[in-house]
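Enquirer: Below are the structure tokens for one structure; questions will follow.
Protein chains in written order, with the numbering used here: chain A, 1 to 307; chain B, 1001 to 1099; chain C, 2001 to 2116; chain D, 3001 to 3094.
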């Protein structure tokens, strides 16, 4: 018991210190690295709070994609940002009030969290689990009970891709500081494992922590590794652009097709008939994972390819 | 018995990673900070494995597997995307040596 | 037999721990990037390797044991190739390894050709 | 234990808010936004825990939130890079 308290305390102190470094440290690169380590510790916190699904997603997205995005953005930014004075003189006294407001918000949040009614929807979900076609509760909520949220989430991602691509052509990568023969070797060794692990996560999603999002994020991280070694030239070719866009939208399209099919058959939007639920959810998961992987790669290009 | 042992080991590893995190703050080069992050990520994998064994949660092994798989991504990004600035102009390179 | 294996596995895990301590000690105390890299890879390969082996010995099924070994294998690949990547880039960026002639690498040595 | 983590989430939230509004450097703002997102997720997951079991609905919400957070980060970083980055295209820049 004392041990688990020591563990929690260490985690909390580490998180606060890393957040401090991320936010108020003087060195930009140290801030980015601190944030990446912050993500690692968050995964441990999710484990402590018995949320292995979130730990998986945090591991796949935080360690893989967010870190990669931050590091590559850092390499493209000027080394020292031009100093800009954000505060006008009359705003200076407001700083203290803003600090006080943030502190009060923290206290208020703590108090509200303490007072919220505790028995959540666990019992309702458990009673409906049999009708959803999957055996794992979080997957059931994500893809069946609250499928609309997930549909909109995929739409948000697609919108973000559209925003990133609308900014201009894809940025050309720099040459590394020296020849790195280890990098293609790394890609060759790891790539089959990326495919294997994401297929495994996808398959596990129906009955245990896993599912389309971690699987797609892992596949996307593997794709980022491919982009690093310039091994996906087809992405920049004119000929493949239409196909690329179709694949990017595949998850959303599959979701919409299922939702509209539900509307036609049962009369309710997103009502999946129970006998069809398991195969349909599998189809949605495969399409969504593929789309998410491609969208992660699309983010990483920082612009539209093939232009 | 083994449960307590593994929990103690996990706590020790976490504290040890905290000591290593001093390097992130201290530097002096970017590579040093990256090395500290790598040490912490290895420690996190070990902690996850030990916790998974101690609390009998097989799902944690999957999380550790993901971390191990993605550990290389950060390093590869760092050397191909972040440290490339230094190659091109000498002033940035000189700066990085002190930095 | 199972009892013996459990003891053996716990012993392996315990042997793995000092490598992590040595890794972070080296990271904090060693004088330059290359030496710290050297200390760190011991924790990555041997420390995690022994822990994985110790847990794999006690694993309930063959699949679980193989998963532990797969994690070790992945870390071996990532850590060793990552170490060469970082060392090669550091060398190319002009961080000179510490030698008896040039006692510290954190201050640029005056006779290096780049300091024109 | 859940009260402890709720407190941690509140502290992180306050720190991230201060950072978000104080910095001029856009990269720091993106980082602050991410820390804020993590703090909010932590609060949600802490609330999902109770004596009668674990509520899967906040977990699903947080999973959705993580993906939305990474999309936001990617879009913000792309804006920052295009806004103030030096592009260093071999063909264009001197």
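By construction, the Cβ of each residue, glycine as well, lies at the ideal position given by its N, Cα and C atoms.
Against chain D, with Cβ distances strictly below 7 Å, would residue 244 (chain A) count as a contact?
Expert: Not an interface residue.
Enquirer: Can you find at least 3 beta carbon pairs, one from the region 257–272 of chain A and one from the region 215–235 of chain A, that sit closer than 8 Å?
Expert: The region 257–272 of chain A is not in contact with the region 215–235 of chain A.
Enquirer: In this structure, how does DSSP classify residue 62 (chain A) when only helix, strand and coil are distinguished?
Expert: Helix.
Enquirer: Are the C-beta of residue 2078 (chain C) and some C-beta of chain B separated by less than 7 Å?
Expert: Output row for residue 2078 (chain C): interface = yes.
Enquirer: Check distances from the C-beta atoms of the region 123–144 of chain A to those of chain B and list, in chain order, the residues that come in under 9 Å.
Expert: Flagged: no residues at all.
Enquirer: Less than 7 Å between CB atoms is the rule here; does residue 1023 (chain B) satisfy it with respect to chain C?
Expert: Cβ-Cβ to chain C under 7 Å: yes for residue 1023 (chain B).
Enquirer: Looking at the C-beta of residue 2052 (chain C), does it have a partner C-beta in chain A at a distance below 7 Å?
Expert: Not one chain A Cβ lies under 7 Å of residue 2052 (chain C).
Enquirer: Output needed for residue 186 (chain A): all residues of its chain with C-beta closer than 8 Å, excluding positions within five of it in sequence on either side, in chain order.
Expert: Excluding positions up to five away in sequence, the list reads 225.
Enquirer: Give, in chain order, every residue of the region 2005–2026 of chain C whose Cβ lies closer than 9 Å to some Cβ of chain B.
Expert: Of all residues in the region 2005–2026 of chain C, 2006, 2009, 2010, 2013, 2014, 2016, 2017, 2020, 2021, 2023, 2024, 2025 have a Cβ within less than 9 Å of some Cβ in chain B.
Enquirer: What does a CB cutoff of less than 6 Å around residue 1054 (chain B) pick up in its chain, not counting 5 residues either side in sequence?
Expert: Answer for residue 1054 (chain B): 1003, 1006, 1007, listed in chain order.
Enquirer: Under the criterion of a Cβ to heavy atom distance below 6 Å, does residue 2017 (chain C) qualify as lining the ligand ATP?
Expert: For the structure depicted, the ligand ATP is absent and the ligand set is empty, with no information on it obtainable.
Enquirer: Can you tell me whether DSSP reads residue 2054 (chain C) as helix, strand or coil?
Expert: Correct three-state label for residue 2054 (chain C): helix.
Enquirer: Starting from residue 2033 (chain C), find everything on chain B with Cβ-Cβ shorter than 7 Å and list it in chain order.
Expert: Within 7 Å Cβ-Cβ: 1029, 1031, 1032.
Enquirer: If the cut is a Cβ gap below 9 Å, which residues of chain D does residue 284 (chain A) touch?
Expert: Neighbours of residue 284 (chain A) on chain D: none; closest Cβ ~15 Å, over 9 Å.
Enquirer: Secondary structure at residue 1056 (chain B), three-state DSSP: helix, strand or coil?
Expert: DSSP places residue 1056 (chain B) in coil when its eight states are reduced to three.
Enquirer: Span of the alpha helix (DSSP H) holding residue 124 (chain A)?
Expert: First-last of the alpha helix (DSSP H) with residue 124 (chain A): 122–128.
Enquirer: Please work out which residues of its chain come closer than 7 Å, Cβ to Cβ, to residue 1009 (chain B), disregarding the five sequence neighbours upstream and downstream, and give them in chain order.
Expert: Closer than 7 Å at Cβ, skipping near neighbours: 1050.
Enquirer: Mind checking residue 3030 (chain D): buried by the 16 CB within 10 Å criterion, or exposed?
Expert: Looking at its Cβ environment, which holds 16 or more other Cβ atoms inside 10 Å, residue 3030 (chain D) is buried.
Enquirer: What's the C-alpha gap between residue 143 (chain A) and residue 90 (chain A)?
Expert: Cα to Cα, residue 143 (chain A) sits roughly 51 Å from residue 90 (chain A).
Enquirer: Quick check: what's the CA-CA separation for residue 2093 (chain C) versus residue 252 (chain A)?
Expert: Computed Cα separation, rounded: 45 Å.
Enquirer: Can you name the residues of chain B whose CB is closer than 7 Å to the CB of residue 308 (chain A)?
Expert: It is not possible to answer for residue 308 (chain A), since the shown part of chain A is limited to 1 through 307.
Enquirer: State the Cα-Cα distance for the pair residue 1028 (chain B) and residue 2028 (chain C), rounded to the nearest angstrom.
Expert: Residue 1028 (chain B) and residue 2028 (chain C): Cα-Cα distance of roughly 12 Å.
Enquirer: Please state whether DSSP places residue 1089 (chain B) in a helix, a strand or coil.
Expert: Annotation note: pLDDT 42 at residue 1089 (chain B) (below 50); position unreliable, no value reported.
Enquirer: Closer than 7 Å by beta-carbon distance: list the chain C residues that pair up with residue 1037 (chain B), in chain order.
Expert: Under the 7 Å cutoff, chain C gives no residues; its nearest Cβ is about 10 Å from residue 1037 (chain B).
Enquirer: Taking C-beta pairs closer than 9 Å, name the residues in chain C that residue 1042 (chain B) reaches, listed in chain order.
Expert: Near residue 1042 (chain B) (Cβ distances below 9 Å), the residues of chain C are 2020, 2023, 2040, 2043, 2044, 2047, 2048, 2075, 2079.
Enquirer: Please report the straight-line C-alpha distance between residue 2115 (chain C) and residue 3048 (chain D), rounded to a whole angstrom.
Expert: Residue placement at residue 2115 (chain C) is flagged as unreliable, the pLDDT there being 37, under the threshold of 50; a coordinate-derived value is accordingly withheld.
Enquirer: Taking Cβ positions only, does residue 189 (chain A) come closer than 7 Å to chain C?
Expert: Yes, contact with chain C.
Enquirer: Of all Cβ atoms in chain A, is any one closer than 7 Å to the Cβ of residue 3057 (chain D)?
Expert: Closer than 7 Å: yes.
Enquirer: Could you spell out where the alpha helix (DSSP H) holding residue 4 (chain A) opens and where it closes?
Expert: Its alpha helix (DSSP H) spans residues 2–24.
Enquirer: Among A:5, A:42, A:170, A:139, which residue has its Cα nearest to the Cα of residue 3057 (chain D)?
Expert: Nearest C-alpha to residue 3057 (chain D): A:139.
Enquirer: By the criterion of Cβ-Cβ separation under 7 Å, what are the contact partners of residue 2059 (chain C) in chain A?
Expert: None at all; the shortest Cβ gap to chain A is about 17 Å.
Enquirer: Closest Cβ-Cβ distance between residue 1097 (chain B) and chain C: below 7 Å?
Expert: Interpretation of residue 1097 (chain B) is limited by its pLDDT of 48, a score under 50 that renders its predicted location unreliable; no figure is taken from the coordinates.
Enquirer: Do the region 1011–1024 of chain B and the region 2020–2037 of chain C meet, that is, are 3 or more Cβ pairs less than 8 Å apart?
Expert: Segments in contact, yes.
Enquirer: For residue 3074 (chain D), does the three-state DSSP call read helix, strand or coil?
Expert: Looking at residue 3074 (chain D) - three-state DSSP - the assignment turns out to be helix.
Enquirer: Please confirm if residue 2090 (chain C) has its CB atom under 7 Å from at least one CB of chain B.
Expert: Chain B, which has a Cβ nearer than 7 Å to the Cβ of residue 2090 (chain C), makes this yes.
Enquirer: Taking Cβ to Cβ, would you say residue 40 (chain A) is nearer than 7 Å to residue 1076 (chain B)?
Expert: No, they are not a contact pair.
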